[in-house]
Amino acid sequence: MNMKALKELSGIILQDHTFGQKLNYCKYLFFPKKEVLDYDPVTISIVATGRCTLSCDMCPTHSRLTSKEYEHAQAIVRDVDLDTFKKMIDRFGRATTIHIIGSGEPLLNKDLFEMVEYAAGKRITVKMFSNGTTIEQNIDKLLASRLDGITVSLNGQNAGEFSRMTGMPAEAYRGIYDATKRLIDKRNKIGARLKVKLSFIIDRFNYRSMPEMIEVGLALGADHIFLCNFLHSPYDGLRAHERVLMIEGEVARELKTIIGKYSAAVSRKVTWPVPVDSRQRFNKCSTHFSQIRFDGDGNVSSCSMMLLNMAGHGHYEEEDVWNNDFFRKMRRTFLDGSGKDIPEPCKACPDNKGVSI
Numbered sequence: 159m160n161m162k163a164l165k166e167l168s169g170i171i172l173q174d175h176t177f178g179q180k181l182n183y184c185k186y187l188f189f190p191k192k193e194v195l196d197y198d199p200v201t202i203s204i205v206a207t208g209r210c211t212l213s214c215d216m217c218p219t220h221s222r223l224t225s226k227e228y229e230h231a232q233a234i235v236r237d238v239d240l241d242t243f244k245k246m247i248d249r250f251g252r253a254t255t256i257h258i259i260g261s262g263e264p265l266l267n268k269d270l271f272e273m274v275e276y277a278a279g280k281r282i283t284v285k286m287f288s289n290g291t292t293i294e295q296n297i298d299k300l301l302a303s304r305l306d307g308i309t310v311s312l313n314g315q316n317a318g319e320f321s322r323m324t325g326m327p328a329e330a331y332r333g334i335y336d337a338t339k340r341l342i343d344k345r346n347k348i349g350a351r352l353k354v355k356l357s358f359i360i361d362r363f364n365y366r367s368m369p370e371m372i373e374v375g376l377a378l379g380a381d382h383i384f385l386c387n388f389l390h391s392p393y394d395g396l397r398a399h400e401r402v403l404m405i406e407g408e409v410a411r412e413l414k415t416i417i418g419k420y421s422a423a424v425s426r427k428v429t430w431p432v433p434v435d436s437r438q439r440f441n442k443c444s445t446h447f448s449q450i451r452f453d454g455d456g457n458v459s460s461c462s463m464m465l466l467n468m469a470g471h472g473h474y475e476e477e478d479v480w481n482n483d484f485f486r487k488m489r490r491t492f493l494d495g496s497g498k499d500i501p502e503p504c505k506a507c508p509d510n511k512g513v514s515i
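Counting from 1 along the sequence shown, just add 158 to a position and that's the residue number in the working numbering.
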């Protein structure tokens, strides 16, 4: 048993999951990864809504810089309603974690907190990702909920960097920052259990500012800070060679120096960006073996990072949907060592081609 698997196993055993959930996770860790799996998904990803309060440049769903015809973009679908959510959770109740992430702002879904309550009642850990623009009016609900954690996309150590990265007005940054601070301050005051984390997108233009981003996160009192390598798309200003941190060249050497200088002091608080080595043939992404993703129309898929188009991949009510044609094809592709059929976005995705430095 490798150390990573041992750490994951001990973490799951110590958490308040059911015996069936823990057993299923053990199967995921130790059963062979193959085309047809003998265990259920361990993670459920929910597209709670297709609506958003921002239209960030780097977002493949709402960006004004990307084509509406982009084949890997998430279609705008209806909100997930409570009844559909319950059916999804009941069917895949051996999952240990739910991620409410992507393609819209989850806090716009009127059933969100009831969904959190239902899943938490099934002893599933629920985590949410938010752009932060609607936190202010939801502080009390967030703190009273059984949500395990919320990750706020701050995306800048200041308003100028936020605007450069997102293309959104600088004043939006101040609103997100202030609301996040009030959420953390009130959380600390009343002793609520909600974890509040921050994420920053790192590209070739701002990686030297990572120490400042960390300082902002620590000053806010965030429980964790994610520094995430840029996710590319095939449009001007958003392509991999323009923005993604690669393992080759001066950028990688500087990145290694920065991480080496600050890592020891903030090792438990910060997740550093993982540079991409697009030359390697090995595919490390495990998403198609671990996660099922749902939208409000009941469509299913796996990836919540790059391959966001869910049309035609199956429906959650389909018999043995977890091992349907789509999932089997994706698993074959990622098990094939040649890498010849890997979707284009995966070739420079940090989750698939990222390497430690």
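Idealized CB from N, CA, C, for every residue including glycine.
Among D174, I342, E166, Y228, which has the Cα closest to the Cα of M468?
Along the sequence shown, read from residue 1 onward, the residue named residue 468 stands at position 310. Closest option to M468, Cα to Cα, is Y228.
Could you check whether the Cβ of E370 sits closer than 8 Å to any Cβ belonging to chain B?
Looking at the structure shown, chain B is missing, and only one protein chain is on hand.
Give the DSSP-derived three-state secondary structure of C386 in the structure shown.
Counting from one through the sequence shown, the residue named residue 386 turns up at place 228. Of the three classes helix, strand and coil, the one that applies to C386 here is strand, per DSSP.
Any heavy atom of the ligand ATP closer than 7 Å to the CB of K191?
Within the structure as shown, the ligand ATP is missing, as the structure has no ligands at all.
What's the gap between the Cα of H471 and the Cα of R222?
Position 313 of the sequence shown, counting from 1, holds the residue named residue 471. Position 64 of the sequence shown, counting from 1, holds the residue named residue 222. Cα-Cα distance, rounded: 26 Å.
Own chain, CB closer than 7 Å to Y183, minus 5 neighbours either side, in chain order
By 1-based counting over the sequence shown, the position of residue 183 is 25. Contacts found: I170, V200, T254.
Straight-line gap, E193 to Q179 (C-alpha atoms, nearest Å):
As a first step, residue 193 is located in the sequence shown; it is residue number 35 there, counting from the start. As a first step, residue 179 is located in the sequence shown; it is residue number 21 there, counting from the start. Approximately 22 Å between the Cα atoms of the pair.
Please classify D343 as buried or exposed, where buried requires at least 16 other C-beta atoms within 10 Å of its C-beta.
Counting from one through the sequence shown, the residue named residue 343 turns up at place 185. Answer is exposed; the Cβ neighbour count stays below 16.
Between the beta-carbon of V428 and the beta-carbon of I383, is there less than 8 Å?
Start at 1 with the first residue of the sequence shown, and residue 428 comes out as number 270. Start at 1 with the first residue of the sequence shown, and residue 383 comes out as number 225. In contact: V428 and I383 (Cβ atoms closer than 8 Å).
In the DSSP assignment, the beta strand (DSSP E) including V354 goes from what residue to what residue?
In the sequence shown, counting from the first residue as 1, residue 354 sits at position 196. Residues 353-360.
List the endpoints of the continuous beta strand (DSSP E) containing F287.
Position 129 of the sequence shown holds residue 287. From DSSP, the beta strand (DSSP E) with F287 extends over 283-288.
Looking at C-beta atoms only, is the number of pairs between the region 251-267 and the region 200-209 that lie closer than 8 Å three or more?
yes
Own chain residues within Cβ distance below 8 Å of P327, not counting five before or after
Here residue 327 corresponds to residue number 169 of the sequence shown, with the count starting at 1. Excluding residues within five positions, the ones whose Cβ falls inside 8 Å are S321.
Are the beta-carbon atoms belonging to L341 and L376 less than 8 Å from one another?
The residue you call residue 341 lines up with position 183 of the sequence shown. The residue you call residue 376 lines up with position 218 of the sequence shown. In this structure, L376 does not lie closer than 8 Å to L341 by Cβ.
Mind checking G454: buried by the 16 CB within 10 Å criterion, or exposed?
Sequence index remark: in the sequence shown, residue 454 carries index 296 (1-based). Buried, since its Cβ has 16 or more Cβ neighbours within 10 Å.
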